[in-house]
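> Residue numbers (our numbering), protein chains in the order written: chain A, 1 to 278; chain B, 279 to 298. Here a beta-carbon is modelled for each residue, glycine too, at the ideal position from N, C-alpha and C.
1) Does residue 95 of chain A come within less than 7 Å of chain B when only Cβ atoms are used?
2) In terms of residues, what are the limits of the alpha helix (DSSP H) holding residue 284 of chain B?
3) Any beta carbon of chain B sitting closer than 7 Å to that of residue 201 of chain A?
4) Using 8 Å for Cβ pairs, my map puts residue 146 of chain A next to residue 41 of chain A. What's the rounded Cβ distance?
5) Kindly indicate which three-state DSSP category residue 225 of chain A falls into: helix, strand or coil?
6) Select from A:204, A:187, A:151, A:232 the residue whose C-alpha is nearest the C-alpha of residue 13 of chain A.
7) Look up residue 44 of chain A in the DSSP assignment and say whether it is helix, strand or coil.
8) Using 7 Å as the limit for Cβ to Cβ distance, is residue 24 of chain A near chain B?
9) Please identify the residue among A:219, A:254, A:129 whose C-alpha is closest to the C-alpha of residue 3 of chain A.
10) Would you decide whether residue 275 of chain A is buried or exposed? Buried here means 16 or more other CB atoms lie within 10 Å of its CB.
11) Quick one: residues in its chain with C-beta nearer than 7 Å to the C-beta of residue 257 of chain A, no 5 flanking neighbours on either side, listed in chain order?
12) At what residues does the beta strand (DSSP E) containing residue 142 of chain A begin and finish?
13) Can you find a CB in chain B that lies within less than 7 Å of the CB of residue 255 of chain A?
14) So with Cβ pairs under 7 Å, would you call residue 116 of chain A a contact of chain B?
15) Quick check on the DSSP output: what are the complete beta strand (DSSP E) runs of length 3 or more inside the segment 112–200 of chain A, in order along the chain?
16) State the DSSP-derived secondary structure class of residue 103 of chain A, mapped to helix, strand or coil.
17) Leaving out the 5 sequence neighbours to the left and right, which residues in its chain are closer than 6 Å to residue 104 of chain A when beta-carbon positions are compared?
18) From this set, A:222, A:193, A:199, A:221, which residue's C-alpha is nearest residue 209 of chain A's C-alpha?
19) I need the boundaries of the alpha helix (DSSP H) containing residue 36 of chain A, first residue and last residue.
20) So, is residue 177 of chain A buried or exposed, given that buried needs 16 or more other C-beta atoms within 10 angstroms?
21) Report yes if the C-beta distance between residue 269 of chain A and residue 43 of chain A is below 7 Å; otherwise report no.
22) Give the straight-line distance between the Cα atoms of residue 302 of chain A and residue 16 of chain A, rounded to the nearest whole angstrom.
23) In chain B, which residues lie less than 7 Å from residue 332 of chain A when you measure between Cβ atoms?
24) Where does residue 2 of chain A fall in DSSP's three states?
25) Against residue 359 of chain A, what residues of chain B qualify as contacts under a CB-to-CB distance less than 8 Å, listed in chain order?
26) Answer with yes or no whether the minimum CB distance from residue 272 of chain A to chain B is below 7 Å.
27) Mind checking whether residue 6 of chain A and residue 226 of chain A have CB atoms under 7 Å apart?
28) Is residue 20 of chain A buried or exposed, if buried means 16 or more other CB atoms sit within 10 Å of its CB?
29) Taking 7 Å as the threshold (C-beta atoms), are residue 144 of chain A and residue 23 of chain A in contact?
30) DSSP on residue 19 of chain A, reduced to helix/strand/coil?
31) Within 10 angstroms of its Cβ, does residue 37 of chain A collect 16 or more other Cβ (buried), or is it exposed?
32) Considering only the beta carbon of each residue, do residue 243 of chain A and residue 125 of chain A sit closer than 7 Å?
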């Protein structure tokens, strides 16, 4: 394709990225560096601040149960409520990623079953990539940037909750060193979604054709946007290998939680995605 | 199709993200 077409594709995907994803990297970095006129985020660094900040997270689906009144019981419940609200937010985010996928030219013309497969296998990878701009080495923004939760606090939760986020921090700190901006991210997300090697695809060729065009667009975009960053295109693509391992480990952890946590019930949409995934 | 009915619904919904 002509470079003008590739640039138009990049612009189109950037516009739908801005339309569907409420917290951009630009905004997140402004919040994290204190360069915004908005209020600084509320910091959650221990159980007390989690309980204080709970009203800012959507925790209403799971009211405090009467029969547990000991401190340990209450803390256990606060943890569970927090992870339930993480699930609700993740389900919302899946819906946003779906709208973004539908805006990729040609996506909605693919076989509907293949669209489902691409989302099923791609969406957690996309969500992990989208978490990276919200993170730094010390913690992560949540609740649309209203809250900063520290990495140490997440590590201090009981097993297996404490194991959930640490691998994402390790990945994100390295990924952020590539310094992609929102317009680069939009193209990279589309490349991830259009992976022709997902298990069970019926018609691979049109998916690979679409991905090839987006890859050309990403390559051109990175050369133009980051002229001094050598081999950036190759480095970005290499991240896709790390992502698959992260998703496999994440799904295993969720399965483990389903078995060990009696109070744990997985959001139906997340269940659909994770069932028979890897 | 039954196994992924919410994903199907999200994909076939023509407006903005659906309320989950």
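On the basis of the coordinates in this document:
1) yes
2) 283–290
3) no
4) 6 Å
5) helix
6) A:187
7) strand
8) no
9) A:219
10) exposed
11) 160, 264
12) 139–142
13) no
14) yes
15) 139–142, 147–150
16) coil
17) 190
18) A:193
19) Per DSSP, residue 36 of chain A belongs to no alpha helix (DSSP H) and is neither H nor E.
20) exposed
21) no
22) As shown, chain A starts at 1 and ends at 278. That puts residue 302 of chain A outside it, with no answer to give.
23) Nothing can be reported for residue 332 of chain A, as the shown portion of chain A is limited to 1 through 278.
24) coil
25) Only positions 1 to 278 of chain A appear in the structure, and residue 359 of chain A is not among them; the question remains open.
26) yes
27) no
28) buried
29) yes
30) helix
31) exposed
32) yes
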